[in-house]
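Chains A and B supply the protein sequences, listed in that same order.
The opening position of the first sequence corresponds to residue 1 in the numbering used here, with each subsequent residue numbered one higher.
The opening position of the second sequence corresponds to residue 235 in the numbering used here, with each subsequent residue numbered one higher.
Glycine included, C-beta positions come from ideal geometry on N, C-alpha and C.
Remember, predicted model here, so these are calculated numbers, not experimental data.
I have placed the structure first, in the form of structure tokens, so that the comments after it can refer back to it.
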Amino acid sequence: MTGLVYKEWKQNRWYILSMILCGFLPLIAVLLFRSESPEHLDSLRIVGMLAGFLAAGALQIMVLRGDDRKLWGYWITAAPDGYRGFLRVKYEMIYGMILLFLLSMQMTDGLYCAVAADLGMTDAADISGIAVPLVFVQTLLRAVDIPFYYRFGSKTGSIIKMIGMVVLAIVISVALMFLMDSWDSVTALAKKLFTGYSSSLLLAGMLAAIPAVYVLSYRITCRLYLKGVEQYDK
Amino acid sequence: MTNKQENAKRLAIYLLIVAASSVLPFFCMKWMQASETAFFLAAEVFCATPALASLITRAVTKEGFRDMKLHLHLKGNIRYYVLAFALSLFCTALMYVPEIILQGHADWLSGFTLTNVLTAVLMLAAQGAVMSAGLLGEELGWRGYMNRKLEPLVGIIGTVLIGGVVWSLWHMPSDMQLYLAGKESFSEAMQTVGGRLLWMPGYAAFYLWLTKKTDSVWPAVLAHAMGNASQSSIMGLLSQGNIPDNADLGSGMLQFVPTILMAVVFTALLLRDQKKAPKTV
């Protein structure tokens with residue numbers, strides 16, 4: 001296992017370390033554009049955070065690059081840790097990257113708030129409240145991306161995933177259109193679900209389920225990996 | 235140099251760095267009180283010093299960076315991760331709830347409904363998954379380095395007690411922060427320090443046991459994070475009840491019972507495991 005960790009570090013260390021830089025983006029956004037809109041520094045930070053979130057997501061996917069090769073697939077399956085060990089290290093590394101991104105963003109944000117307080121800007125608010133839910137979204141997105149990548153390879157996987165997303169969007173839109181007639185009862189149900197304690201229970205349940213979904217994604221990828229290997233390089 | 239001497243030398247260097255990090259904030263307190271930025275930077279560096287100290291010691295003594303217990307070792311160890319989460323939360327609840335009931339204020343616990351408790355537990359589980367990594371700054375040092383150097387020198391009981399005391403005393407700058415800011419009397423500050431000295435060895439035993447069982451510092455990281463986060467979670471549940479503003483929570487001796495019990499139980503388990511372990515020449 002240590003060998004696999006070493007291999008991933010040697011191959012992907014710049015992607016891993018770039019997570020720290022992505023966490024700096026809210027601060028960089030403020031430093032670059034503060035003169036253009038000095039009244040909207042908090043909005044600039046949020047935009048910077050979203051940019052960091054997107055950049056970090058793209059970089060997390062980059063660490064999978066080059067794994068969709070038949071020869072590598074056969075070789076790692078025959079290695080002592082097997083393809084399961086290889087996939088486990090990949091999943092752990094990507095999760096680690098997500099946590100590094102969050103840690104970097106929180107530290108940068110904390111530093112910004114401290115400096116702002118020293119400068120007398122008492123209205124500088126902590127953006128961690130938005131960053132943490134975004135990190136859960138990022139974990140969920142990776143839990144979806146990785147199985148597609150290993151089952152169908154880089155190009156086909158992203159096309160199939162996109163088709164899946166479009167189909168899902170169409171299904172949701174159609175469902176919403178059918179629900180138009182009983183819209184009031186749907187909104188009443190939604191309000192009931194998202195008000196008071198029930199909303200926090202629902203939210204807490206959803207957030208707690210995401211790490212479990214990530215683990216489930218690993219198990220699914222393990223099941224699909226060998227089927228995927230047969231299709232690589234075609 | 236024998237192994238014991240080598241261990242003692244490494245431990246001395248490690249403790250020296252950690253002690254320096256604990257003393258330094260007292261000298262910088264004025265500067266930290268005057269500037270939020272200075273306070274933030276000092277606090278961030280301070281929180282990571284146990285890990286930094288272990289890395290520096292490894293580099294200085296040429297010990298190398300192998301076997302830092304950073305593998306997750308999830309396979310076959312999920313139960314220890316679950317225990318790390320659940321016991322920390324349960325222990326924090328036991329520090330407050332029985333005392334409130336025994337004082338005849340059971341009505342203060344009206345916020346502990348099934349929905350609220352479930353919400354708190356799920357939220358802590360979610361938090362634990364993403365927010366605990368920061369505690370590596372402490373655990374890599376205490377459990378990942380100090381305990382392993384202490385154990386061959388002073389045995390299990392010594393490691394729990396000395397390790398717990400060192401860990402407690404390292405927190406002194408944060409415990410005395412209010413006193414140094416003039417917002418608390420010296421005796422109040424000493425009560426906080428003394429209280430920590432009483433309950434930290436319990437956690438030290440639990441975290442040592444987790445680390446040895448899983449050969450990883452991550453369960454200890456999770457347990458530590460849950461120990462911290464569950465305090466505010468329990469307070470949040472209490473605040474949802476009919477609790478008076480001036481209520482005195484967790485001030486009695488009863489709050490130390492769960493951690494003292496934890497110290498006894500996990501030290502006994504550690505000693506049992508040590509007896510079972512095959513002897514090497």
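Closer than 7 angstroms at the beta carbon, the chain B residues around residue i
i: A/Ala208; result: Leu356, Ala359 and Ala360
i: A/Pro211; result: Ala363
i: A/Ala204; result: Thr353, Leu356, Met357 and Ala360
i: A/Val132; result: Val364
i: A/Glu92; result: Leu306
Interface residues of chain A facing residue i [CB-CB closer than 7 angstroms]
i: B/His305; result: Met1
i: B/Ser269; result: Asp118
With 16 other Cβ atoms within 10 Å as the buried cut-off, status of residue i
i: A/Phe230; result: Before going further, note that residue 230 of chain A is Glu rather than Phe in the sequence given. By the neighbour-count rule (16 or more Cβ atoms within 10 Å), A/Glu230 is not buried but exposed.
i: B/Gln489; result: buried
i: B/Gly368; result: buried
i: B/Asp341; result: exposed
i: A/Tyr214; result: buried
i: B/Gln222; result: Chain B is shown from 235 up to 515; residue 222 of chain B falls before or after that span and cannot be answered.
i: A/Arg34; result: exposed
i: A/Arg223; result: exposed
i: B/Trp376; result: buried
i: B/Glu385; result: buried
i: A/Ile76; result: buried
i: A/Tyr6; result: exposed
Assumed close pair residue i, residue j - CB separation to whole angstroms, cut-off 8 angstroms
i: A/Gln138; j: A/Phe53; result: 7 angstroms
i: B/Ala242; j: B/Leu370; result: Rounded, the Cβ-Cβ distance is 26 angstroms, inconsistent with contact.
i: B/Leu395; j: B/Pro332; result: Not a contact, Cβ separation roughly 26 angstroms.
i: B/Ala360; j: A/Leu102; result: Rounded, the Cβ-Cβ distance is 13 angstroms, inconsistent with contact.
i: B/Ala497; j: B/Ala457; result: Incorrect: roughly 14 angstroms between the Cβ atoms, too far for contact.
i: A/Tyr149; j: A/Asp68; result: 7 angstroms
i: A/Val30; j: A/Leu44; result: 5 angstroms
i: A/Lys70; j: A/Asp233; result: 5 angstroms
i: B/Ser464; j: B/Thr283; result: Wrong, their Cβ atoms sit about 24 angstroms apart, outside the cutoff.
i: B/Trp404; j: B/Val252; result: 6 angstroms
i: B/Tyr314; j: B/Leu444; result: 6 angstroms
i: B/Gly475; j: B/Leu336; result: Contact doesn't hold; Cβ gap of about 16 angstroms is too wide.
i: B/Val455; j: B/Glu373; result: 5 angstroms
i: B/Met493; j: B/Ile390; result: At residue 493 of chain B the sequence reads Thr, which differs from the Met that was named. Not quite, the Cβ-Cβ distance comes to about 17 angstroms (not below 8 angstroms), so this is no contact.
i: B/Leu483; j: B/Asn350; result: Wrong, their Cβ atoms sit about 17 angstroms apart, outside the cutoff.
Proximity winner among the options, relative to residue i (alpha-carbon distances)
i: B/Ala293; options: B/Phe500, B/Ala415, B/Arg244 and B/Phe261; result: B/Arg244
i: A/Gly110; options: B/Ile477, B/Gly368 and B/Thr271; result: B/Thr271
i: B/Met302; options: B/Ala511, B/Trp452 and B/Ser256; result: B/Trp452
i: B/Phe499; options: B/Leu442, B/Leu471 and B/Leu431; result: The question names Phe, yet the displayed sequence has Val at residue 499 of chain B. For the residues B/Leu442, B/Leu471 and B/Leu431, the minimum Cα distance to B/Val499 belongs to B/Leu442.
i: A/Pro80; options: A/Arg219, A/Thr2, A/Asp184 and A/Phe152; result: A/Thr2
i: B/Arg300; options: B/Ser288, B/Gly310 and B/Leu308; result: B/Ser288
i: B/Val399; options: B/Arg430, B/Leu304, B/Gly378 and B/Val355; result: B/Arg430
i: A/Pro26; options: A/Val5, A/Leu41 and A/Ser35; result: A/Leu41
i: B/Ser269; options: A/Ile160, A/Cys113, A/Ile127 and A/Leu216; result: A/Cys113
i: B/Glu240; options: B/Val279, B/Met424 and B/Lys383; result: B/Lys383
i: A/Ile94; options: A/Asp118, A/Met121, A/Leu119 and A/Asp145; result: A/Asp145
i: A/Val63; options: A/Leu226, A/Phe24, A/Ala78 and A/Ser18; result: A/Ser18
i: B/Leu491; options: B/Ile477, B/Ala511, B/Met329 and B/Gln267; result: The sequence given here has Val at residue 491 of chain B, not Leu. For B/Val491, the nearest C-alpha among the options comes from B/Met329.
i: A/Ile127; options: A/Asp118, A/Ile98, A/Gly23 and A/Val5; result: A/Gly23
i: A/Val132; options: A/Gly153, A/Ala169 and A/Ile46; result: A/Ile46
i: A/Arg65; options: A/Met121, A/Ser158, A/Met165 and A/Ala124; result: A/Ser158
i: B/Ile334; options: B/Ala481, B/Ser467, B/Ala354 and B/Pro512; result: B/Ala481
i: B/Ser467; options: B/Leu249, B/Thr353, B/Leu317 and B/Gln411; result: B/Thr353
i: B/Gly310; options: B/Ser450, B/Ala502 and B/Met424; result: B/Ser450
i: A/Leu99; options: B/Ala363, B/Met460 and B/Glu422; result: B/Ala363
i: A/Lys227; options: A/Met162, A/Tyr83 and A/Leu140; result: A/Tyr83
i: B/Met410; options: B/Thr347, B/Tyr248 and B/Pro259; result: B/Pro259
Chain A contact residues for residue i, given Cβ-Cβ distances below 9 angstroms
i: B/Glu422; result: Chain A residues near B/Glu422: none, gap ~27 angstroms exceeds 9 angstroms.
i: B/Gly486; result: The contacting residues do not exist; B/Gly486 stays about 30 angstroms from chain A at best.
i: B/Ser466; result: Going along chain A, no residue has its Cβ under 9 angstroms from B/Ser466, so there is no contact; the nearest lies around 15 angstroms.
Partner residues on chain B for residue i, Cβ-Cβ distance less than 9 angstroms
i: A/Val144; result: Going along chain B, no residue has its Cβ under 9 angstroms from A/Val144, so there is no contact; the nearest lies around 17 angstroms.
i: A/Leu111; result: Thr271, Phe274, Leu275 and Glu278
i: A/Leu140; result: Correct list: empty, because the minimum Cβ distance to chain B is about 12 angstroms.
i: A/Val135; result: Val364
Interface residues of chain B facing residue i [CB-CB closer than 8 angstroms]
i: A/Ser200; result: Thr353 and Met357
i: A/Leu99; result: Val364 and Ala367
i: A/Leu103; result: Ala367 and Gly368
Within chain A, the residues that residue i reaches when beta carbons sit closer than 8 angstroms
i: B/Phe273; result: Ala114
i: B/Gly389; result: Chain A residues near B/Gly389: none, gap ~30 angstroms exceeds 8 angstroms.
Amino acids of chain E, ordered along the chain, whose beta-carbon sits closer than 7 angstroms to that of residue i
i: A/Met107; result: Protein chains in the displayed structure are A and B, and chain E is not among them.
Handout entry: Secondary structure, alpha helix (DSSP H): runs of 4+ residues fully inside the stretch 266-325 of chain B
Key = 270-294
Handout entry: 4 or more residues per run - each alpha helix (DSSP H) lying fully within the stretch 152-184 of chain A
Key = Residue ranges of uninterrupted alpha helix (DSSP H) with 4 or more members, entirely inside the stretch 152-184 of chain A and ordered along the chain, are 154-178.
Handout entry: Length at least 4, wholly inside the stretch 63-114 of chain A: the alpha helix (DSSP H) runs in chain order
Key = Counting only runs of 4 or more, we get 70-78.
Exercise for the section: Taking only runs that begin and end inside the stretch 357-425 of chain B, name each unbroken alpha helix (DSSP H) of 4 or more residues, in chain order. Expected result: Segments of the alpha helix (DSSP H) lying fully in the stretch 357-425 of chain B: 370-375, 381-404, 406-409 and 411-414.
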